[in-house]
Structure formats: structure tokens, C-alpha cells
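Residue numbers for the sequence shown follow my numbering, beginning at 50 and rising by one. Beta carbons are placed, not taken as given, at the ideal position from N, Cα and C, and that holds for glycine.
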Amino acid sequence: MGGLKLKSLSEALFSYDFLTTLYIPHNSLTSLSPNIARLNSLTILDVSSNKLTSLPPELGMITTLQHLFVFDNHLTSLPPELGSLHQLEELGVEGNPLTDTLLSTIQKEGTASLVAYLRDSCPVPLPPSERDWITIDSDLSTHNHHHGYSPPPETFTTMCYNILCERYATDRMYGYTPSWALNWEYRKDLILQELMQYGADIICLQEVDVEQYEDFFVQSLKDQGYEGVFYPKSRARTMGSEERRHVDGCATFFKTAMFQLIERECVEFNQIPMRSESHKTEDMFNRVMTKDNIAVIALLEHRQSGSRQIVANVHIHWDPEFRDVKLIQTAMLMDQISEISSRFARLPKRTNLSNNYRVAPSYTDGNQIPTIICGDFNSIPQSGVYDYLSKGLIPPSHPDFCQNNYGPYTQFGIKHALKLKSAYSNLDSKELPFTNYTPGFKGVIDYIWYSTDSLQVIGLLGKIDDAYLKKVVGFPNAHFASDHVPVLAEFKVKPVAS
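And the structure:
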């Protein structure tokens, strides 16, 4: 489409979102439509030798761009939104009356430096509107069928949030984020602000490193009435004390006015196979035991009612090429929860209750104890992990085993006895639009699972403002401290079935 003396482009062109290359040089264009942002697969855009006096800020939304040529136009400046173009290798601007700062930056330091300069000088967009609180119909006939005395309903809130560890928040990974917004000093305050804003009774965080847990989170949250349980990933065991401080893990905090910690447990997925000969397969050694993911399990007791709570907090392996490992790690977690819950059920009941409660619940088996499993599962709702947790059963033939041999897991399939549901599956949309938001991936991978026999969802924190997202290529940014967003649910404890 070069050299056709075009004065404008048809709007129909912007519906061709499959285009990877657009050449429109040597025309008479004086402006580009903001709708060019719909061409979100473009890697090359050439609008050289036109009569452009400005570029639309929306161009910054095409994060796939690698080559942008605007030679020989009438541009005096560039929109700072072009700072989002983190994959841009070549920006051709010669032949434009640009400001000295822009020209000297690109001439002396190259495209990457100019993009970084634009990114860091980009004005902060307006913040999104608050996320809605969604009330789930709680008038279901689940409460106290018997007549006479009934204790007050017991409710609590749980938050799950992968906060993006300082070590992983690099320019290379998050090249679209201004350096000041990627800086841990900025992000940690934003994270704390968010935790305080929602004030959940139980907070499950992933990607918390030893240093930040000890030096920042413990004290900051203690001041707000929380106590914490934390374990770093398995590799920390083999490290010196200084190196160990940079290893991340999972941290669970709970309000001490509501809960008392009875027991804590760390589940190390690379250690579990060593306990059983049948699990020591070649695939287990080569694929599962080389990953150092962990889960943290806290056994809590409600101070007023004496009811018990199992809270598991997990960060499952990230790599999409290892769907089998994600499934095996999740199966191991469920096995551990089953073992621990049976032990927890046998402990003597709490006796010093508040006046509103006559007697603490009795649990004949571990499956009756209210159970919450939070985490970054790195698995979408169409995955084997989601199937397994929601259905309780995965056959040996499931494609996510990737035809590997994991002993009994792949010989008989995997199952668990807890009737679990993802808290957000109570929405009409069945889950949020996303919990992780980057240019390369937008989807749901963080969940709050709960035991449906003992808990009922009565409220959920809603999605992020759609209008805001139209102008944002990915998180973290000025308003969101991590590439993940926190998820939050409110639960009502059901009476123990007699």
C-alpha cells in the first residue's frame, strides 16, 4: 500500500488483527487512527514518508512490534506510551524535526534506550475504579436444620496473591513496566496497602523471599494483628544464610484475634517420592524431583467457636511444558492434606470458647474439617490440575500425564476425597477473566479452592475495571504491584454433618 497517495486508511483495515506486517510508506497520511491498536499481531509497521505530525498513543498497545519506521514525517515528539513496546528492536525516526533529547538518545544509545526513556517518562494513567464486591446468594438451606439452639454463623475472608518476588521482577521479563514501578521499594508499599485495604482474615502469599518475609512482612502484618507461617523453596536448605535470603516461598498470615495456630507443615514435592519405592520412577527423578516447589499447610483453630481450619498455600511449577509435573505436585499436595487432616481430626476439642458457643465441633474424619487450598497453580481452568481438584478423579489416560510413568499415579490414576470447588466458579462467568495479566498471557491461574461440605462462598472480590484495561498492556504498573492480581473470597462455615 505504499506510494498510493492515500490521505486516510479505511477503518475496515483495523479489523484484520491477523496482520503481522503493514507497509504504508510514501502516502499523504496526516494522522493514524487510534484503532490501529486493534492490529495486535503486528511485528513490522512502516509509515515512512507521509505527512504525520503526531503518532497515536494507542500505538503503545501493540506490544508485538519489533520494527517501527516513521522516517521522513513531520513529528516533533513521540508519545511516551511507546515505552510499552518492550520488543521493539528498531525505531526509525530520522528525517523528523524531533526534540534534541529524543534524537540524541536514539543516535547515541539506540532504540532500547529511547524506549526506556519514553517508558519512564510516561505519565501515570488514572487509577481503575475499585473492584466490586459480589455477594453470592447465601440464603441456601445449608444452615442448621435442627431446631432450638443454633450458634451465630461463623464467617471469614481469605485472600490469595502472588506478589512477584523482587528477584524475578527484571527489566528483561517486564520490559513494559517503568523502572520505578518495578522497583521493590515502590511495589512493597503498594502490596501492603492492598493487604490492608482488604484486611482478609487469612492471607496466602506466593513468591515471598526470606529477606522480605523476615524484614518487612512479619513486622508490617504483626502491627495489623497477623501472625505468619512461612517456608522457602527446597533449594534454600543447601544454601548459606546470605544466599538463602533471596529464595522465595509461600507465606500464610492469619488474624490472631480470630485463629490460633495448632500446627504447621511444609510439603516439599521433590522429597515425597523418596518415601515410597513405587514412586521412584525415572520420570519422577528427571521431571518432578528436579523442581523445588513447596506448599505450606497451617492447621488453625477458631478461638471463639473451636472450629478447625486447614489452610494450604501452594506455588505449583510454572513451565507449560511440564503439565504432568503440575498434576503430580497437586496430587502429592492432596495426599498430604488427607494425611494431615486425619491427624488433626483426632486432636482433643477446644474447651475455652466464647459465650456464644456451647461446644466445639467434633470431627470424625479429616474430610469434615473446613479446608481452603490457595495458590498460584500455573494451570488454566481447562487443565488437568483444575479437572483433578474439581472432579476428584483423573484417569491414567489423561493427556496431562504426557505418557510419563509416575508409578501408582499413572498406573491407577489419581483421586482425592474432598469435594472441592473453586470459589470463583460461583460466578456466572465461572471464573474471573484473568488473575495474571501480561502482554504474552492473560488468564486465570490463581485459585481459592474450598471444601463444599464444610464451607459456603458468600462473597467474592470482582474483576478489574474493563475501561482501565483497554489502556494497559500488562501488570505490574503504577497501580498493580505484581503481574498477578489478588483474589479474595468470603466463606461461611457449615455445621458439621452429624
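- Straight across, the Cα-Cα distance linking Met208 with Ile252 is about 5 Å.
- Pro106 and Asn84 have their C-alpha atoms some 11 Å from each other.
- For the 8 Å CB-CB criterion, Thr92 and Thr125 do not form a contact.
- DSSP places Phe483 outside both helix and strand once states are collapsed to three, so it counts as coil.
- By the 16-neighbour rule on beta-carbons within 10 angstroms, Thr70 is exposed.
- Annotation for Gly511: Arg180, Asp181 and Ile183 place their beta carbon closer than 6 Å to its own, counting only its chain and skipping 5 residues before and after.
- Contact annotation: the segment 320–336 does not touch the segment 293–301, with fewer than three C-beta pairs closer than 8 Å.
- The beta carbons of Val545 and Pro410 sit closer together than 8 Å.
- Cα atoms of Gly492 and Asn405: separation of roughly 43 Å, rounded to the nearest angstrom.
- A direct Cα-Cα distance of roughly 26 Å separates Gln246 from Pro419.
- When DSSP reads this structure, Val408 sits in no beta bridge, so it has no partner.
- Residue environment analysis places Asn454 among the exposed positions, since fewer than 16 neighbouring C-beta atoms fall within 10 angstroms of its C-beta.
- The DSSP assignment places 267–271 and 290–293 as complete runs of the alpha helix (DSSP H) inside the segment 259–336, in order along the chain (cut-off: 4 residues).
- Where Lys470 is concerned, the enclosing beta strand (DSSP E) starts and stops at Leu469 to Ser471.
- Looking at the backbone, the Cα of Ser500 and that of His465 are separated by about 12 Å.
- In the structure shown, Leu518 adopts helical secondary structure according to DSSP, grouped into three states.
- For Met381, the secondary structure class from DSSP, reduced to helix, strand or coil, is helix.
- Its chain contains Lys237 as the residues whose beta carbon lies nearer than 7 Å to that of Phe265, once the 5 sequence neighbours on both sides are disregarded; these appear in chain order.
- For Gly224, DSSP records no beta bridge to any residue.
- In this structure, DSSP gives Glu370 a helical state, which the three-state scheme calls helix.
- Between Ser80 and Ser64, the gap from beta carbon to beta carbon reaches 8 Å or more.
- In the three-state reduction of the DSSP assignment, Phe524 falls in the coil class, being assigned neither a helical nor a strand state.
- Assigned with DSSP and collapsed to three states, Val257 falls in strand.
- The beta carbon of Leu167 lies closer than 6 Å to those of Pro129, Leu131 and Gly132 in the same chain, with the five residues before and after it left out.
- Counting only runs of 3+ residues, the beta strand (DSSP E) found wholly inside the segment 56–105 occupies 70–72 and 93–95, in chain order.
- For Thr420, the uninterrupted beta strand (DSSP E) segment begins and ends at Thr420 to Asp425.
- The shortest CA-to-CA distance from Ala380 to any of Met288, Asp449, Leu481 and Lys398 is the one to Asp449.
- Around the beta carbon of Arg399, 16 or more other beta carbons sit within 10 angstroms, so the residue counts as buried.
- Close CB contacts of Leu114 within its chain, under the 7 Å cut and outside five residues either way in sequence, are with Leu91, Thr92, Leu94, Leu134, Gln136 and Leu137 (chain order).
- Closest in C-alpha terms to Asn122, from the list Lys100, His116 and Ile463, comes Lys100.
- Contact annotation: Pro488 and Tyr225 have beta-carbon atoms nearer than 8 Å.
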